[in-house]
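See structure below.
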Amino acid sequence: MCGIVGIYLKNKKYNKQLGKLLTGMMNNMASRGPDSAGFAVYNKSNNFKYTICLHGSLNSKDLQKNLKTKIKSFKLKTISDHVVIITAAKPEKVLPLLKSIAGIELVGYGKSIEIFKQVGNPKDVVKKFALDKFSGSHAIGHTRMATESAITTNGSHPYSTGEDECLVHNGSLSNHNNLRRTLIKNGIEFKSQNDTEVAAGYISDSLMNKKSLKDTLTSGLKDLDGFYTFITGTRDGFAVVRDEIACKPAVIAETKDYVAIASEFQAMAHLPDVNKANIYEPKPGVVYSWGS
Amino acid sequence: MSDTPKYLKGFSTFPLDTINEIQRSAREGIYQIRGLGAKRKVPNFDDLVFLGASASRYPLEGYREKCNTSVIMGDRFAKKPIKLDIPITIAGMSFGALGANAKDALGRGASAMGTSTTTGDGGMTQEERKSSKYLVYQLLPSRYGMNPDDLRKADAIEVVVGQGAKPGGGGMLLGQKINERVARMRNLPQGIDQRSACRHPDWTGPDDLEIKIHELREITNWEKPIYVKVGAARAYYDTALAVKAGADVVVLDGMQGGTAATQDVFIEHVGIPTLGALREAVDSLKELNMHRKVQLIVSGGIRSGADVAKALAMGADAVSIGSAAMIALNCNADLYPEDYKKLGTAAGYCHHCHTGRCPVGVATQDAELEKRLDPELAGKRVKNYLATLTLELQTLARANGKSDVRNLEPEDLAALTVEAAAMARVPLAGTNWIPGHNNQY
Amino acid sequence: MNLDLTKKNLSDVNYFLQHLDKKSNERDFVIKNPLGSHALCAGLQDEMSVTIKGHVGYYCAGMNKNAHVTVEGNVGTGVAENMMSSTVHVKGNASQSAGASGNGGTLIIDGDASSRCGISMKGIDIIVKGSVGHMSAFMAQSGNLVILGDADEYLGDSIYEAKIYCMGKVKSLGADCVEKEMKKSDIAALQAILDKNKIKADASKFKRYGSERKLYHFKIDNVGNY
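Protein chains in written order, with the numbering used here: chain L, 1 to 292; chain R, 293 to 733; chain S, 734 to 959.
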């Protein structure tokens, strides 16, 4: 079980404070999810950004050597054990290359998204990745209380579901094992036993088959069994959907400057002008989206 | 039946009781509802034995050398943890499922031995609070009878996520047991079949459970230990989640655990045996570094001091008894044979709690039948039984060289079957082999 | 008396209000900066009036007895859960399970209530001026749920003897819940509830819903209702 948060800025007023605002939300949701945390920040760039996680043995120099074999020019932004590779080189070229390098894990990629996630108390994780210094247009975050799978980085959210897309989840699916086996047959790869990873795989699979995100989430209501509130991040905004029984909480606060969503209002209590915001709950079985 | 020839071959897949059940379903068109726990044989504590003393381990003398049995429940967060004199408590059973005399007797017996009883799916009765030295108050999905005054009168609060007989099922009480008093306490029309919810009305999931536990603590000034009870399903994860949600104590009820009424298919086919679940729960606590810091009470088929000792050796802090306590009261006693017959059963086979016609006056609301259970005499029986369990526990602990029953450990045990060895993670007797854990012989 | 949650600890505020000096005449309290806190004003047991200025989290005024609590904002899950008596008034919107398993007293919500409003209610009266979410009055045993707005799907699923009055549209009814005749006595009873709580509405414009009582005894012919 977990805490999920998201904030979408309707104008440029708070772009520079995006990271700070999300930090406050994540810190507040730490008690709901003390095991691990992660966030995705969207900041449009002309280049592609590939966020990877380094696993101990590989260092920055070796990484650069490996990348230079296929990519002409790139910049590296290193924060703790995550590295953002900024380059004009396209995913068709870069993704296979990254797969071939041992000791790294792709966390997310796109022209806007950067994803950071790690085990540990959310308050420590956001400090480690200096979230409060990030700026951007929108962001989603997650604090995890592991239910049936291990506490590992691969078990943490957000999960990348495609270019500039990611998923966070609060709840517990009940048919993910069968669904995982079907998706593996379709060529989707899994790195953990986590139920959310299956939902992310389901969304990737559907998007790769040219379905829209809205249609994917709508058919997900039938295909994914269990309890959930999902927030999916997209290049231009985010979407939220709750299963039809809707036991897992979700609250939305909307002002003229932003739309924020969280598992509990408490996480949004510190947002600017929140006491004047329109506060409501998404209805079960309905896909809400902003920005896209 | 008595002149059935002995050479006839029966069916393994369709034995007589199965044939009878299929034909009953065909007549009545509804699932069989009954009381008590799983009747079929499953791996249990009988499949484990203690090693005892030897040339390398020395026993304690029976009477002169002390063997401590007390245990403290709830010292993680509660301001007023409970000190039990013995590591055996009485499990949650409702007033409604049991009669007032039965609840009173359980209270008397438990109090005489310095241990606790637990309310059930019906709320707290005055008699029970009066006769129990320590009373654990359950918070169930139904919330029948729940109120802040009783919450404050309790010595501990037990949030029930599930029970061993039916992990995932809610309470059930058939109309014949919903008399005027029960109906009033539960706020239901008299005589109807009570359907209980299987999920709590205002929280689902350990993340929201944490907030609920916080509310309970705020209402009771953080004084009372909070227990979280789960049926044995995914004990490893459930224990971790209970700890993360802020529980002081985890109560784990294996599939052999009883109920007053639920579908037979639920009792027999959902939940795993106490033996396997217990090991999972202890592993979980140890990995979180919470073993002995969050206490673990285990229930579901505890019958003798040997079961208690084995559960403690495997890492439990205490055990809880439900069916066994009822049996001490007189459940299935060889009395009133005509009344058992009228129910279509016999002493030793009876599981008819759901009918409200309990021949020995334990699981009934009928005034005439209740007269068959004298609270004072029955209370004495419960006390005697608990005392016997304790003496047996101490005997086994001393034989294994322990001056405190909580010093019993898994290495004191050996398994008699491969299943038990795998489930309890204890070597097969006479070997070093633990299936799935090592390749030794 | 003003209590500020940026200056005082939540537990201390709750303890203070739960253990009011019974000889004191100080019975009016204002709580500032609730900041979405959980279990604020839970377990109150004395006659007093508390106004909370802002939005609160889960279980506000949980198990309330004898106190009058007003929230000038929104409330999270389970407001007034298991309330025993007196009143709780939410001026904003309520989240899920408002008034869950309430035994008595009155819960008034000026805005909308979310899913499962009045779930498992046991005698409480809940009045929602806006609309209610799905599964409201699920397994409601007794009490009155009065909805001036609309109701989402599965209203009154598995209801026992509680009464539902709805003035707006009901998307669908749950298992064993049916529309019932609004007799003169029902109109009078509802009008009394509305008047007592100073709510301007005409009881005759409401429809009544309640249990069909087919689930009271297990019968295989009712298998469709399970």
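Using N, Cα and C, we set each Cβ at its ideal position, and we do this for glycine too. Here the structure is a predicted model, which means the values were calculated and not measured.
For residue i, collect the residues of the same chain with a Cβ closer than 6 Å to its Cβ; drop the 5 residues on either side in sequence, then sort them by chain order.
| i | result |
| --- | --- |
| T182/L | none |
| V911/S | E945 |
| T709/R | D339 |
| P122/L | M26, A30, A37 and T143 |
| G811/S | Y791, Y792, S830 and A833 |
| G461/R | C490, T554 and F558 |
| T161/L | L167, A200, I203 and S204 |
| Q826/S | A small correction: the amino acid at residue 826/S is Asn; Gln does not occupy that position in the sequence shown. Cβ neighbours of N826/S beyond the five flanking positions: N807, G844 and D845. |
| G592/R | G456, D545, G546, Q548, G549 and T566 |
By a C-beta neighbour count over all protein chains shown, 10 Å radius and 16 as the cutoff for buried, is residue i buried or exposed?
| i | result |
| --- | --- |
| V274/L | buried |
| Y8/L | buried |
| M438/R | buried |
| S764/S | Sequence inspection shows Ile at residue 764/S; the Ser mentioned does not correspond to that position. It counts as buried. |
| Q482/R | exposed |
| A605/R | buried |
| H950/S | exposed |
| H157/L | buried |
| H761/R | One cannot answer for residue 761/R here, as it falls past the ends of chain R, which runs 293 to 733. |
| F303/R | exposed |
| A88/L | exposed |
| F306/R | exposed |
| L752/S | The sequence as given places His at residue 752/S; Leu does not occur at that position. Classification for H752/S: exposed. |
Starting from residue i, trace the beta strand (DSSP E) in both directions and tell me its first and last residue.
| i | result |
| --- | --- |
| Q315/R | Counting along the chain, Q315/R falls outside any beta strand (DSSP E), though it belongs to the alpha helix (DSSP H) covering L308 to E320. |
| Q17/L | That residue, Q17/L, is in no beta strand (DSSP E); it is neither H nor E in DSSP. |
| R568/R | Reading off the sequence, residue 568/R comes out as Gly, not Arg. No beta strand (DSSP E) contains G568/R, which is instead part of the alpha helix (DSSP H) from T566 to E579. |
| Q751/S | Per DSSP, Q751/S belongs to no beta strand (DSSP E); it is in the alpha helix (DSSP H), L743 to Q751. |
| G136/L | Element bounds for G136/L: n/a, residue is neither H nor E. |
| G463/R | Looking at the DSSP string, G463/R is not in any beta strand (DSSP E), and its letter there is neither H nor E. |
| N278/L | N278 to Y280 |
| V520/R | I518 to G523 |
| M715/R | Counting along the chain, M715/R falls outside any beta strand (DSSP E), though it belongs to the alpha helix (DSSP H) covering V710 to A716. |
| H801/S | A800 to E805 |
With respect to the alpha helix (DSSP H) encompassing residue i, which residues constitute its N-terminal and C-terminal limits?
| i | result |
| --- | --- |
| S403/R | A392 to A404 |
| T216/L | L213 to D223 |
| I926/S | K917 to K929 |
| E450/R | Per DSSP, E450/R belongs to no alpha helix (DSSP H); it is in the beta strand (DSSP E), A448 to V452. |
| F558/R | D556 to H561 |
Considering only C-alpha positions, which residue in the set the options is nearest to residue i?
| i | options | result |
| --- | --- | --- |
| A397/R | G414/R, E419/R, G415/R and D413/R | E419/R |
| I380/R | I449/R, R698/R, T496/R and A446/R | R698/R |
| G795/S | N807/S, G787/S, I785/S and H771/S | H771/S |
| V119/L | S100/L, G110/L, Q266/L and F129/L | F129/L |
| L52/L | V5/L, L131/L, G110/L and T196/L | Note on residue identity: the sequence assigns Ile, not Leu, to residue 52/L. Checking every option, the nearest Cα to that of I52/L belongs to G110/L. |
| I378/R | V363/R, F369/R and A392/R | V363/R |
| A934/S | R941/S, G943/S and Q924/S | Q924/S |
| A744/R | V586/R, A655/R and W495/R | No information on residue 744/R is available, as it lies outside the stretch 293 to 733 that chain R covers here. |
| N336/R | L685/R, I594/R, A689/R and T647/R | I594/R |
| T234/L | K75/L, Q193/L and S289/L | S289/L |
| G563/R | E320/R, I325/R, A524/R and E684/R | A524/R |
| K947/S | L768/S, F749/S, D737/S and D909/S | D909/S |
So does residue i have its beta carbon nearer than 7 Å to some heavy atom of the ligand SAH?
| i | result |
| --- | --- |
| S60/L | This structure lacks the ligand SAH; in fact it carries no ligand of any kind. |
Between which residues of its own chain and residue i is the CB-CB distance below 8 Å, once the five residues before and five after are set aside?
| i | result |
| --- | --- |
| A730/R | Note that residue 730/R corresponds to Asn in the displayed sequence, not to Ala. Excluding positions up to five away in sequence, the list reads N724. |
| K49/L | V84, I85, I86, Y109, G110, K111, S112, I113 and E114 |
Interface residues of chain A around residue i at Cβ under 8 Å?
| i | result |
| --- | --- |
| D499/R | Considering every chain present, this structure includes no chain A. Its protein chains are L, R and S. |
Near residue i, what residues of its chain come up, given a Cβ to Cβ distance below 7 Å and the 5 sequence neighbours on each side ignored?
| i | result |
| --- | --- |
| G399/R | T409, E420, S423 and S424 |
| D575/R | Y528 |
| M145/L | M1, C2, R32, G33, P34 and D35 |
| D704/R | F342, L343, A605 and N692 |
| G614/R | A383, M385, G549, G550 and S591 |
Query raised in the report: Residues in the region 309-342 of chain R with C-beta within 7 Å of chain L's C-beta atoms, listed in sequence order?
Result: none
Requested in this report: With 8 Å as the limit, tell me which residues of the region 772-788 of chain S have their beta carbon closer than that to any beta carbon of chain R; keep them in chain order.
Outcome: Residues passing the 8 Å Cβ filter: A772, A775, G776 and Q778.
Query raised in the report: For the region 203-227 of chain L, which residues have a beta carbon sitting closer than 9 Å to at least one beta carbon of chain R?
Result: Cβ contacts with chain R: F227.
Query - Contacting positions in the region 361-373 of chain R - beta carbon closer than 9 Å to chain S - result: Residues passing the 9 Å Cβ filter: none.
Query raised in the report: Taking any Cβ of chain L, which residues in the region 526-558 of chain R have a Cβ under 7 Å from it, in chain order?
Result: R526, Y529, L533 and K536
Query raised in the report: Listed from N- to C-terminal order along the chain, which residues in the region 484-513 of chain R have their beta-carbon within a distance smaller than 8 Å of any beta-carbon of chain S?
Result: I484, D485, R487, A489, P493, D494, W495, D500, I503, K504, H506, E507, E510, I511, T512 and N513
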